[in-house]
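Per my numbering, the very first residue in the sequence shown carries number 2; after that it's consecutive. Reviewing the structure listed below.
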Amino acid sequence: MINDIVNLLDLDDKHELSSLQPPPESVVMSIAARYPDISKQYLEFLRAVGTGSTTREFYIYQPESASYVEQHTSFQLYQSASRELYGPRSEGPVPADAVAIADSGASWRYCLCPSLGGAVFCLDMAGPTFETQAEDFFSFVAQTVLRKRSSASVERK
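Laid out in C-alpha cells, this is it:
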C-alpha cells in the first residue's frame with residue numbers, strides 16, 4: 002500500500018504523469034463540496050499532479066456520473082440484441098453514487114464510489130460489471146496507470 006503522494010511519485014520513473022496538469026484549487030474545492038465523501042487521495046492527486054492524459058494516454062479526469070457510460074457506443078453495442086455474443090448481462094451492478102474518474106480509452110471506466118469506501122472500481126461495459134480494481138487511489142495509480150512494476154517495488158514503498 003502506498004501511503005502518500007511522495008511515495009507514489011517516486012514510482013513514476015518514466016515520467017508518465019508529467020503531462021497531467023493540476024486544476025485550479027477552486028475546482029478541487031468544488032469537487033470536494035459536490036462529493037463530500039470522495040477519496041482524499043484522489044483530491045490530493047488532483048492538487049499535486051492533476052488531470053489529463055498521461056504520456057501513455059491513460060486519462061485521469063474530474064468526476065462524472067458513472068451512469069453516463071450508458072451513452073457510450075461500446076456500452077450500447079454490448080447491451081444490444083447482439084449481447085448474446087458476449088454472454089448474459091448482470092442487472093444493476095453500478096451504485097448510484099459511483100463516479101468515473103479515469104479510463105484508458107477501452108470499454109472500462111475506473112470509478113470511485115464513496116458509499117463503498119476508498120477503493121477504485123472497474124466498470125466494464127461488456128457486463129456491465131463493477132468490481133474492485135485497487136484498495137485505494139494511490140494503489141490504483143501505481144498498479145494500473147503507471148507501467149507495470151514488479152510487485153516487490155510497489156510493496157516496498
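Beta carbons are placed, not taken as given, at the ideal position from N, Cα and C, and that holds for glycine. No experiment lies behind these values; they were computed from the predicted model shown.
Exercise for the section: With DSSP as the reference, label residue 157 as helix, strand or coil. Expected result: Because the pLDDT at residue 157 is just 41, under 50, the model does not fix this residue reliably, and the value given afterwards should be weighed accordingly. Three-state result, residue 157: helix.
Exercise for the section: For residue 66, name the three-state secondary structure that DSSP assigns. Expected result: strand
Practice task
Flag this pair as yes or no: are the beta carbons of residue 112 and residue 101 separated by less than 8 Å?
Solution key: yes
Handout entry: Any non-hydrogen atom of the ligand SAH closer than 7 Å to residue 137 Cβ
Key = The ligand SAH is absent from the structure shown, which contains no ligands of any kind.
Exercise for the section: Inspect the beta-carbon positions of residue 117 and residue 95 and report whether they are closer than 8 Å. Expected result: no
Exercise for the section: Could you tell me which residues DSSP pairs with residue 135 in its beta bridges? Expected result: 121
Practice task
Check whether the Cβ atoms of residue 36 and residue 52 lie closer than 8 Å to each other.
Solution key: no
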